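**Student:**
Number of protein chains: 2
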Amino acid sequence: MSKGFDDLLSKVASCSRKKVSVAVAQDGPVLEAIEVARTRGIADAILVGDLKKIQPIAEELKIDLSNYEVIDIEDPVEAARKAVSLVHDGTADMYMKGLINTKDFLKSVLDKEVGLRTGKPLSHVCVFEFEGQQKLYFLSDVAFIPYPTLEDKKAIIENTVEIVHACGIDCPKVAPLAAVEVVNPKMPVTVEADELTKMCERGEITGCIVDGPLSLDLAIDPEAAKHKGAEGRKIVGDADVLLFPDIHAGNITYKALTHLCKCKNGNILTGTKAPVILTSRSDSTEVKVNSLALGAVVAEAMNK
Amino acid sequence: MSKGFDDLLSKVASCSRKKVSVAVAQDGPVLEAIEVARTRGIADAILVGDLKKIQPIAEELKIDLSNYEVIDIEDPVEAARKAVSLVHDGTADMYMKGLINTKDFLKSVLDKEVGLRTGKPLSHVCVFEFEGQQKLYFLSDVAFIPYPTLEDKKAIIENTVEIVHACGIDCPKVAPLAAVEVVNPKMPVTVEADELTKMCERGEITGCIVDGPLSLDLAIDPEAAKHKGAEGRKIVGDADVLLFPDIHAGNITYKALTHLCKCKNGNILTGTKAPVILTSRSDSTEVKVNSLALGAVVAEAMNK
Chain A
14 MSKGFDDLLS KVASCSRKKV SVAVAQDGPV LEAIEVARTR GIADAILVGD
64 LKKIQPIAEE LKIDLSNYEV IDIEDPVEAA RKAVSLVHDG TADMYMKGLI
114 NTKDFLKSVL DKEVGLRTGK PLSHVCVFEF EGQQKLYFLS DVAFIPYPTL
164 EDKKAIIENT VEIVHACGID CPKVAPLAAV EVVNPKMPVT VEADELTKMC
214 ERGEITGCIV DGPLSLDLAI DPEAAKHKGA EGRKIVGDAD VLLFPDIHAG
264 NITYKALTHL CKCKNGNILT GTKAPVILTS RSDSTEVKVN SLALGAVVAE
314 AMNK
Chain B
14 MSKGFDDLLS KVASCSRKKV SVAVAQDGPV LEAIEVARTR GIADAILVGD
64 LKKIQPIAEE LKIDLSNYEV IDIEDPVEAA RKAVSLVHDG TADMYMKGLI
114 NTKDFLKSVL DKEVGLRTGK PLSHVCVFEF EGQQKLYFLS DVAFIPYPTL
164 EDKKAIIENT VEIVHACGID CPKVAPLAAV EVVNPKMPVT VEADELTKMC
214 ERGEITGCIV DGPLSLDLAI DPEAAKHKGA EGRKIVGDAD VLLFPDIHAG
264 NITYKALTHL CKCKNGNILT GTKAPVILTS RSDSTEVKVN SLALGAVVAE
314 AMNK
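Heads up: the sequence lines are chains A and B, in that order. For reference, each letter of the first sequence is one residue, going 14 to 317 in the working numbering. For reference, each letter of the second sequence is one residue, going 14 to 317 in the working numbering.
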């Protein structure tokens, strides 16, 4: 079981060495993270991009490009198409965004010929470790699906649970969050949370335990859960997956945790044939490296 | 300007000594907070409740009841009605919940004869201090109004700004939060945030600067704001007030900050004739004392 990012990183060591294909690699912060990931044994990289722009960045960061396979393509859209095709055909195990706008990057991910479509909806999984807690939390969706329908939420749970399984947790506890822990017809979010719980009970969602609606304290704080009444509940402060009502709730919480609480985190896009790493420019190198480690573990599980 | 809870507490020292009326005072954690508030000079208290239940609790907590005015009323609803009437008639400056359920407590707050109605909607304000930051943040609404309409949001801003002014910040910056910082017709929250911004520009909301929609990082992190483009914005990582899209986003963020990040906080109910303190059983003594200090400062400003 992954107890935190340190454990996740040591789990990577037991995986076969992975390869990440970088779309439009002329990006300083991305190259920095790629170099750390390589030296720490997390993954090798194929850098697809404009070589005459990659070279000076590598020089400045003291990165020896002879440690990498570089494919010189000037046009960003073409570079992304080449980079994603390397994952599509199995040459690389995961796909990472470089200096390309998100829209064009996602177009390459969804490309019908060379992309990573599975038919499932794509969703974003953010993995957190909180100070003083020896476990990982999986938050979704904080960045990708604006107003998930019930069907979308089922897909988000399935996508996320696949990532949790890859991290070594066999039957994660999934908490569909709301402001309250009781079903209230005036709050559609609570009705949907209850419906997801029943779908899991009926075997329509598998590989996890779903119990909602839950307020965040009852989902993650065993003391609060016991205090406020945990009778008949399947989650008593021990949730692994936190499912958000919508992107606003998810994104604001995510940014509170990263900007105000400086929690360790990493994140990937899932629902795809292979892990996709789509970190933001403002993410630290540590976050990018954590995301690559997460991608490596997920790629290992997918290839089994 | 209040730079944090320590400054807020020292601000209390310059106020005239306040009095809090406690509804159904036979509540250990509340009495503990009341005693700390008294000994630290934040407020005296009138304890309204069942004396034969108050006495053993006071004894166990080594609280000398001769330091308090006690009004012996056994029935909780009657006790609350008496306690709120003391604030209504000016005998006390603020009103606090003891061992009574929230519904009955709020009934007393809204009582047409002896309550604290103003005609304005009631809203909840939560005040946070984050580690390493020398300022207070005012979050609303995380606990009271489930799905605020545009009009409700205007009222929430007005209620909250009154509290911020009381804390010594003359023209607070109010950030209506969303997952994104651009108006998107497919995300009604962003349209409303833009409308609130315009209402402020037209002078329909006063005493503050409103700028939204904003993602949380752009609202509170100057570096992120500069990085992502702050041109033409009135808030560049320097928001004082964080307005949430709905209770789910607000409540989940609030609980992440309190349960995962252990941030200092205090909170009051406002929109009333006098501050109302409605802390939760799971709040620590520190939170309750911070809330009383906040109430004292707000009561001082209201009486001016």
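C-beta atoms are modelled at their ideal positions from N, C-alpha and C, and glycine is treated no differently. Here the structure is a predicted model, which means the values were calculated and not measured.
1. Does DSSP put residue 223 of chain B in a helix, a strand or coil?
2. Start and end of the alpha helix (DSSP H) containing residue 23 of chain A?
3. I'd like the ranges of any alpha helix (DSSP H) spanning at least 4 consecutive residues and lying wholly in the segment 129–192 of chain A.
4. Alpha helix (DSSP H) containing residue 121 of chain B: first to last residue?
5. Three Cβ pairs or more, each shorter than 8 Å: is that satisfied between the segment 45–60 of chain A and the segment 71–82 of chain A?
6. Among B:22, B:219, B:218, B:263, which has the Cα closest to the Cα of residue 190 of chain B?
7. Name, in chain order, the residues that DSSP records as bridge partners for residue 107 of chain B.
8. Is the CB of residue 202 of chain A under 8 Å away from at least one CB in chain B?
9. Residues of chain C with a CB under 9 Å from the CB of residue 295 of chain A: which are they?
10. Around the C-beta of residue 8 of chain B, are 16 or more other C-beta atoms found within 10 angstroms, so that it is buried, or is it exposed?
11. Tell me the DSSP secondary structure of residue 247 of chain B in three-state form.
12. Nearest to residue 145 of chain A by alpha carbon, out of B:297, B:275, B:182?
13. Counting only C-beta atoms, is residue 256 of chain A closer than 8 Å to chain B at any point?
14. Between A:185, A:216, A:106, A:88, which lies nearest to residue 256 of chain A when the distance is taken from Cα to Cα?
15. When DSSP labels each residue in this structure, what does residue 275 of chain A get in the three-state scheme?
16. Smallest Cα separation from residue 226 of chain A: which of A:270, A:247, A:142?
17. Can you check DSSP and say which residues form a bridge with residue 85 of chain A?
18. Closer than 7 Å by C-beta to residue 314 of chain B: which residues in its own chain qualify, once you throw out the five before and the five after it? Chain order, please.
19. Can you pull out the residues from the segment 154–172 of chain A whose beta carbon lies closer than 9 Å to at least one beta carbon of chain B?
20. State yes or no: is the C-beta of residue 36 of chain B within less than 8 Å of the C-beta of residue 141 of chain B?
21. List, in order along the chain, the chain A residues whose C-beta lies closer than 7 Å to that of residue 191 of chain B?
22. Can at least three beta-carbon pairs, one atom from the segment 204–216 of chain A and one from the segment 284–293 of chain B, be found at a separation below 8 Å?
23. Alpha carbon to alpha carbon, how far is residue 320 of chain A from residue 231 of chain B?
24. Quick check: the Cα distance between residue 322 of chain A and residue 294 of chain A, rounded to an integer number of angstroms?
25. First and last residue of the alpha helix (DSSP H) that includes residue 231 of chain B?
26. According to DSSP, is residue 269 of chain B part of a helix, a strand, or is it coil?
27. Tell me, please, whether the CB atom of residue 139 of chain A is closer than 8 Å to any CB atom in chain B?
28. Comparing alpha-carbon positions, which option in A:42, A:34, A:54 lies nearest residue 27 of chain A?
29. Does the beta carbon of residue 186 of chain B sit closer than 8 Å to a beta carbon anywhere in chain A?
30. Evaluate contact between the segment 125–135 of chain A and the segment 98–112 of chain A, counting only Cβ atoms and requiring at least three cross-stretch pairs below 8 Å.
31. Report yes or no: is there a C-beta of chain B within less than 8 Å of the C-beta of residue 112 of chain A?
32. Assuming contact is defined by CB atoms lying nearer than 8 Å, are residue 137 of chain A and residue 229 of chain B in contact in what I supplied?
33. So with CB distances below 7 Å, who are the chain A contacts of residue 266 of chain B?
34. Select from the segment 269–283 of chain A all residues with a C-beta closer than 9 Å to any C-beta belonging to chain B, and list them in chain order.
35. Is residue 69 of chain A buried or exposed, if buried means 16 or more other CB atoms sit within 10 Å of its CB?
36. Let me know the secondary structure DSSP gives residue 56 of chain A once reduced to three states.
**Tutor:** Working from what's here:
1. Your numbering for residue 223 of chain B matches position 210 in the second sequence. Of the three classes helix, strand and coil, the one that applies to residue 223 of chain B here is strand, per DSSP.
2. For the purposes of this step, residue 23 of chain A is identified with residue 10 of the first sequence, where counting begins at 1. It spans 18–26 - the alpha helix (DSSP H) in which residue 23 of chain A sits, taken as one unbroken run.
3. 163–179
4. The residue labelled residue 121 of chain B in the question sits at position 108 within the second sequence. Residue 121 of chain B -> alpha helix (DSSP H) spans 115–122.
5. yes
6. Numbered from 1 along the second sequence, position 177 holds the residue referred to as residue 190 of chain B. Among B:22, B:219, B:218, B:263, the Cα nearest to that of residue 190 of chain B belongs to B:263.
7. Here residue 107 of chain B corresponds to residue number 94 of the second sequence, with the count starting at 1. Answer by DSSP bridge pairing, in chain order: B:33.
8. Taking the first sequence and counting its residues from 1, the one referred to as residue 202 of chain A is at position 189. Yes, contact with chain B.
9. The structure shown contains no chain C; its protein chains are A and B.
10. In the structure as shown, chain B starts at 14 and stops at 317, and residue 8 of chain B therefore has no counterpart that could be examined.
11. Here residue 247 of chain B is taken as the residue at index 234 of the second sequence, counted from 1. Residue 247 of chain B: coil per DSSP, three-state reduction.
12. Start at 1 with the first residue of the first sequence, and residue 145 of chain A comes out as number 132. Checked all of B:297, B:275, B:182; the closest Cα to residue 145 of chain A is B:275.
13. Residue mapping note: residue 256 of chain A aligns to position 243 of the first sequence, counting from 1. Not one chain B Cβ lies under 8 Å of residue 256 of chain A.
14. Working through the first sequence from its first residue, we reach residue 256 of chain A at position 243. Of the candidates A:185, A:216, A:106, A:88, the one whose C-alpha sits nearest the C-alpha of residue 256 of chain A is A:185.
15. For the purposes of this step, residue 275 of chain A is identified with residue 262 of the first sequence, where counting begins at 1. Residue 275 of chain A falls in the coil class under three-state DSSP.
16. Here residue 226 of chain A refers to the residue found at position 213 of the first sequence. Checked all of A:270, A:247, A:142; the closest Cα to residue 226 of chain A is A:247.
17. Position 72 of the first sequence, counted from the start, is the residue given in the question as residue 85 of chain A. For residue 85 of chain A, which the question treats as bridged, DSSP gives the partners A:62.
18. Looking up residue 314 of chain B in the second sequence gives position 301. Correct list, in chain order: 178, 179.
19. 155, 156, 159, 160
20. For the purposes of this step, residue 36 of chain B is identified with residue 23 of the second sequence, where counting begins at 1. For the purposes of this step, residue 141 of chain B is identified with residue 128 of the second sequence, where counting begins at 1. The answer is no: Cβ separation not under 8 Å.
21. Position 178 of the second sequence, counted from the start, is the residue given in the question as residue 191 of chain B. Near residue 191 of chain B (Cβ distances below 7 Å), the residues of chain A are 261.
22. no
23. It is not possible to answer for residue 320 of chain A, since the shown part of chain A is limited to 14 through 317.
24. The structure shown has nothing for residue 322 of chain A, since chain A only spans 14 to 317.
25. Your numbering for residue 231 of chain B matches position 218 in the second sequence. Taken as a continuous stretch (DSSP letters only), the alpha helix (DSSP H) holding residue 231 of chain B covers 229–233.
26. Locating residue 269 of chain B in the second sequence gives position 256, counting from the first residue. Correct three-state label for residue 269 of chain B: helix.
27. Position 126 of the first sequence, counted from the first residue, corresponds to residue 139 of chain A. For residue 139 of chain A, the answer is no, since every Cβ of chain B falls outside 8 Å of its Cβ.
28. Numbered from its first residue, the first sequence carries residue 27 of chain A at position 14. Residue A:54 is the option with its Cα nearest to residue 27 of chain A.
29. On the second sequence, residue 186 of chain B is found 173 positions in, with the first residue counted as 1. Chain A contact via Cβ: absent.
30. yes
31. Reading the first sequence from its first residue, position 99 is the one you call residue 112 of chain A. So no, residue 112 of chain A is outside the interface.
32. Working through the first sequence from its first residue, we reach residue 137 of chain A at position 124. Working through the second sequence from its first residue, we reach residue 229 of chain B at position 216. Contact: no.
33. Position 253 of the second sequence, counted from the first residue, corresponds to residue 266 of chain B. Near residue 266 of chain B (Cβ distances below 7 Å), the residues of chain A are 265, 266, 269.
34. 269, 270, 271, 272, 273, 274, 275, 276
35. Sequence index remark: in the first sequence, residue 69 of chain A carries index 56 (1-based). Per the 10 Å Cβ criterion, exposed.
36. One-based indexing of the first sequence puts residue 56 of chain A at position 43. Correct three-state label for residue 56 of chain A: strand.
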